[in-house]
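Have a look at the structure below before the remarks.
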Amino acid sequence: MDDKFLCGVVLGMMGGAIIATNSAKARQMVKDGQEQVKQKVEDLTKSSKKNNQE
Numbered sequence: 070m071d072d073k074f075l076c077g078v079v080l081g082m083m084g085g086a087i088i089a090t091n092s093a094k095a096r097q098m099v100k101d102g103q104e105q106v107k108q109k110v111e112d113l114t115k116s117s118k119k120n121n122q123e
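Oh and the sequence shown: position 39 is 108 in my numbering, straight run, nothing missing.
Now the structure itself:
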């Protein structure tokens, strides 16, 4: 069962990567997600620095 699961995970990742590289909409969604994550990390670091200064 573990082998089948692992093969399914690998095939799913490869399929998702192929879809993402061939789809402009998917690439844009990934870029937007990355920007959101970067913004949240910046907000967290700013708030932690602000709390440390107080």
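For glycine and all other residues, C-beta sits at the position ideal for the given N, C-alpha and C.
task: Measure the C-alpha to C-alpha separation of V79 and D72 and round it to an integer number of angstroms.
output: When rounded, the distance between both Cα atoms is 11 Å.
- prompt: From A86 to V99, what does the alpha carbon distance come to, in whole angstroms?
  reply: Between A86 and V99, the C-alpha separation is close to 11 Å.
task: Express the C-alpha separation of V110 and S117 in angstroms, rounding to a whole number.
output: Note on geometry: alpha-carbon atoms of S117 and V110 lie some 10 Å from one another.
field: Residues near R96 by beta carbon distance below 8 Å, same chain, minus five either side
entry: Closer than 8 Å at the Cβ level, and outside the excluded window around R96, lie A89 and T90.
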